[in-house]
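Since the structure comes first, as structure tokens, the remarks are kept for the end.
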Amino acid sequence: MDIKDCVLLITNTNVKHNLGTSEYAVRRSQCEEAARILKVRSLRFATLEELNTEKAILPDIIFRRARHVISEIERTRAAAQALPKGDLVKFGELMYQSHDSLRNDYEVSCKELDELVEYAREVEGVLGSRMTGGGFGGCTVTLVRSSAVEKLKANITSKYSKTPTFCLATPSEGAQLLEL
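Written as structure tokens, this is what we have:
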């Protein structure tokens, strides 16, 4: 599949959030605690195998926070391999996995973000969707075939509990040096 046949639909939940007063700082502290227990400077230096080996000594909530971070790093690496190959199906699956992990292990999603991702899953032509940003509101980003954008927007608009705002991003060649 060609990336030029797809777009990114950013959908704003229009849920107001303040990361300073949210649970964001708590998540960071929990990850630092996991790194301390695992005896690594940062969770980026830990593997899922190492985490699972130490599961018995980690409080469940700390284990789940660390599992999210470590698996998200693995998903990011897999995504970086899938994109150059044009494997947008794999990339989309990784987006869904990321959202599921953010919801279940990191617990920074909210009802509205989960709704938007679920409504995206229902539409043929959607390859993947996930929340973006710090969580507790904000936006989802959805990889969708250009031909399915209007169907996706209609599905979301008809079912979403609030009024969403949409922004469409299309792939381009990016910045280039021009010879004058």
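Residue numbers for the sequence shown follow the UniProt record's numbering, beginning at 1 and rising by one. By construction, the Cβ of each residue, glycine as well, lies at the ideal position given by its N, Cα and C atoms.
Counting C-beta neighbours from all protein chains within 10 Å, is the total for residue i 16 or more, i.e. buried, or is it exposed?
i           : result
R75         : buried
E156        : Before going further, note that residue 156 is Ile rather than Glu in the sequence given. When all chains shown are included, I156 counts as buried.
G174        : exposed
S129        : buried
residue 224 : A question about residue 224 goes unanswered here, because the residues of the chain that appear run from 1 up to 180.
G92         : buried
Considering only residues of the same chain and omitting the five flanking positions on each side of residue i, which have a CB-CB separation below 7 Å?
i    : result
D5   : R145 and S146
E72  : S98 and S101
R103 : S109 and D114
Got a sec, what are the start and stop residues for the alpha helix (DSSP H) residue i sits in?
i    : result
N155 : V149 to K159
R103 : L88 to N104
N52  : L48 to T53
I62  : D60 to K85
A120 : K111 to R121
Between residue i and residue j, is the Cβ-Cβ spacing less than 8 Å?
i    : j    : result
T132 : G138 : yes
L168 : L88  : no
L58  : A34  : yes
L51  : R77  : no
T11  : L180 : no
T47  : I70  : yes
V123 : L94  : no
T13  : P171 : no
For residue i, name the three-state secondary structure that DSSP assigns.
i    : result
F166 : strand
S29  : helix
R130 : strand
L43  : helix
L9   : strand
K4   : helix
A56  : helix
A175 : coil
For the beta strand (DSSP E) containing residue i, list its first residue and its last residue.
i           : result
residue 182 : The question about residue 182 has no answer here: the residues shown for the chain are numbered 1 through 180.
Excluding five sequence neighbours on each side, which residues of the same chain lie with their C-beta closer than 8 Å to the C-beta of residue i?
i   : result
D2  : G86
R41 : A35
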